[in-house]
Amino acid sequence: MISIPDIQVEPPPSTGLLSVVGNTPLLPLNRVTVHLSPKVKVLAKAEWFNPGGSVKDRPALNILWTALRRGDLLPGKRLLDSTSGNMGIAYATLGKTLDVPVTLVMPSNASAERKMILSALGAELVLTDPSEGSDGAILVARKMAADRPDLYYYANQYDNPANWESHYLTTGPEIIEQTGGSVTHFIAGLGTSGTLTGVARILHEQIPGVQIIAVQPDGPLHGLEGLKHMESAIKPGIYDPRLPDRNLQVTTEDAYRMVQRLAREEGLFVGISSGAAAAAALRLGEELEEGSIVTVFPDAGYKYLSEKALWEGGAR
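This note's numbering puts the first residue of the sequence shown at 1, with every later residue one more than the last.
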């Protein structure tokens with residue numbers, strides 16, 4: 001069993017942008033849940049309140065700070081990693097604060113908004129074949145790191161324990177505090193698996209009987225940006241398949257519909273992976289007579305405005 005002393009690190013400076021990473025609100029879903037038992041609550045961490053606009057600020061800060069403390073990011077080196085967008089934005093945002101230059105490898109079909117944000121933040125972008133998805137970006141980043149170890153510190157978010165440790169040390173404890181320890185079910189999407197891994201480990205330690213549910217796309221070809229179909233993808237090194245008590249698959253269509261419902265019914269303008277998490281949370285809630293379901297909404301919908309299929313039918 002992993003304990004807090006095993007992974008505690010010197011915290012980063014609590015100044016500027018770094019001081020407002022984490023401590024995001026936990027919002028109840030009141031309208032899309034009206035059909036559930038009155039004893040079932042669904043709550044979501046609103047991670048777009050982080051300065052970089054997503055849950056990825058947490059692992060990005062921990063990865064950056066850990067590398068700086070260990071001397072892995074010496075002057076003259078660039079942080080290199082693959083990303084579907086949000087982690088890259090987090091690296092670029094927080095990297096500016098910590099004076100770390102950033103090179104990012106991402107599929108060329110990432111949303112136009114994400115690419116524009118990264119360019120505005122001064123990140124160096126390397127775009128890869130969209131047909132190869134996030135796995136293709138991973139392979140290119142690995143080759144770049146192997147070819148130029150003198151130039152790059154390869155952060156490798158998929159295998160870096162500082163990823164899940166950030167959620168063990170921040171996201172999980174926040175959920176416990178905000179719910180008064182009453183959470184019965186925790187749901188998170190699987191991308192790097194950092195959120196699920198870190199939160200699951202601290203919840204298992206602190207709340208006996210809590211159930212952990214992993215959410216992933218229903219197949220290898222999907223439109224759930226940031227999420228992985230684990231059976232067909234390169235599995236993250238930090239992923240532990242023993243942690244989830246259950247896996248739920250969500251279709252792209254169901255996630256899109258939930259994004260639209262959350263905007264129109266709850267006033268929550270969220271991203272696609274948030275829609276997937278909410279769809280899974282409601283499916284679980286329909287099975288329960290009583291419970292407190294907590295999930296994570298990784299980001300807001302502003303980075304997906306160019307995704308026309310997502311917003312079709314919005315003008316009514």
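For each residue, glycine too, the CB sits at the ideal point set by N, CA and C.
Check your understanding: Thinking just about the alpha-carbon of each residue, which of G53, E265, A155 is nearest to the one in D299?
Key -> As a first step, residue 299 is located in the sequence shown; it is residue number 299 there, counting from the start. Measuring from the Cα of D299, the nearest candidate turns out to be G53.
Practice item. Tell me F49's beta-bridge partners as DSSP assigns them. Key: In the sequence shown, the residue the question calls residue 49 occupies position 49. DSSP output for F49 lists no bridge partner at all.
Review point. Hey, A188 and T179 are a contact pair by Cβ (cut 8 Å); roughly how many whole angstroms apart?
Key: Counting from one through the sequence shown, the residue named residue 188 turns up at place 188. Counting from one through the sequence shown, the residue named residue 179 turns up at place 179. Not a contact, Cβ separation roughly 15 Å.
Review point. In this structure, does DSSP put L271 in helix, strand or coil?
Key: The residue you call residue 271 lines up with position 271 of the sequence shown. The sequence as given places Gly at residue 271; Leu does not occur at that position. Coil.
Exercise for review: Check whether the stretch 267–287 touches the stretch 231–242, counting contact only when three or more Cβ pairs, one atom from each stretch, lie closer than 8 Å.
Suggested key: no
Practice item. Output the distance between the C-alpha atoms of S14 and L68, rounded to the nearest integer angstrom. Key: As a position in the sequence shown, residue 14 is number 14, starting the count at 1. As a position in the sequence shown, residue 68 is number 68, starting the count at 1. In a straight line, the C-alpha of S14 is about 16 Å away from that of L68.
Point to revise | In DSSP terms, what D72 is bridged to | key: The residue labelled residue 72 in the question sits at position 72 within the sequence shown. Paired residues: none, contrary to the question.
Exercise for review: Count the other CB atoms, across all protein chains shown, that sit within 10 Å of the CB of G209; report buried if there are 16 or more and exposed otherwise.
Suggested key: Residue 209 sits at position 209 when you count from the first residue of the sequence shown. So G209 ends up on the exposed side.
Review point. Taking R31 as the reference, which of R264, Q216, I272, K308 has the closest Cα?
Key: Against the sequence shown, residue 31 aligns to sequence position 31. Per the Cα distances, R264.
Check your understanding: To the nearest angstrom, how far is it from the Cα of A92 to the Cα of Y154?
Key -> Residue mapping note: residue 92 aligns to position 92 of the sequence shown, counting from 1. Residue mapping note: residue 154 aligns to position 154 of the sequence shown, counting from 1. C-alpha separation (whole angstroms): 14 Å.
Check your understanding: Helix, strand or coil for H204 per DSSP?
Key -> For the purposes of this step, residue 204 is identified with residue 204 of the sequence shown, where counting begins at 1. Helix.
Review point. With distances taken between CB atoms, is the gap from L26 to I175 smaller than 8 Å?
Key: Indexing the sequence shown from 1 puts residue 26 at position 26. Indexing the sequence shown from 1 puts residue 175 at position 175. Closer than 8 Å, so yes.
Point to revise | CB of Q260 within 8 Å of CB of D218, strictly | key: To locate residue 260, count along the sequence shown from 1; it is residue 260. To locate residue 218, count along the sequence shown from 1; it is residue 218. Against a cut-off of 8 Å, the Cβ pair of D218 and Q260 comes out as no contact.
Point to revise | Sub-8 Å separation of G226 and V199 beta-carbons | key: As a position in the sequence shown, residue 226 is number 226, starting the count at 1. As a position in the sequence shown, residue 199 is number 199, starting the count at 1. No, these two residues do not count as a Cβ contact at 8 Å.
Point to revise | S292 beta carbon less than 8 Å from that of V215 | key: Your numbering for residue 215 matches position 215 in the sequence shown. Your numbering for residue 292 matches position 292 in the sequence shown. Result no, Cβ atoms of V215 and S292 do not sit closer than 8 Å.
Practice item. Can you check DSSP and say which residues form a bridge with T295? Key: Position 295 of the sequence shown, counting from 1, holds the residue named residue 295. Paired residues: A44, I187.
Review point. Three-state secondary structure (DSSP) at N247?
Key: Taking the sequence shown and counting its residues from 1, the one referred to as residue 247 is at position 247. In the structure shown, N247 sits in a strand (DSSP, three-state: E or B).
Review point. Hey, V102 and V126: beta-carbon distance below 8 Å or not?
Key: Within the sequence shown, residue 102 is the residue found at index 102, counting from 1. Within the sequence shown, residue 126 is the residue found at index 126, counting from 1. Not in contact: V102 and V126 (Cβ atoms no closer than 8 Å).
Review point. Per DSSP, E225 is paired with what?
Key: In the sequence shown, residue 225 corresponds to position 225, counting from 1. Per DSSP, none; premise fails for E225.
Exercise for review: Kindly give me the distance between the Cβ atoms of G275 and Y256, rounded to whole angstroms, as I take these residues to be in contact under 8 Å.
Suggested key: Your numbering for residue 275 matches position 275 in the sequence shown. Your numbering for residue 256 matches position 256 in the sequence shown. The pair is a contact, with the Cβ atoms about 6 Å apart (cut-off 8 Å).
Review point. Between which two residues does the alpha helix (DSSP H) containing P161 stretch?
Key: Your numbering for residue 161 matches position 161 in the sequence shown. Run containing P161: 161–166, per the alpha helix (DSSP H) assignment.
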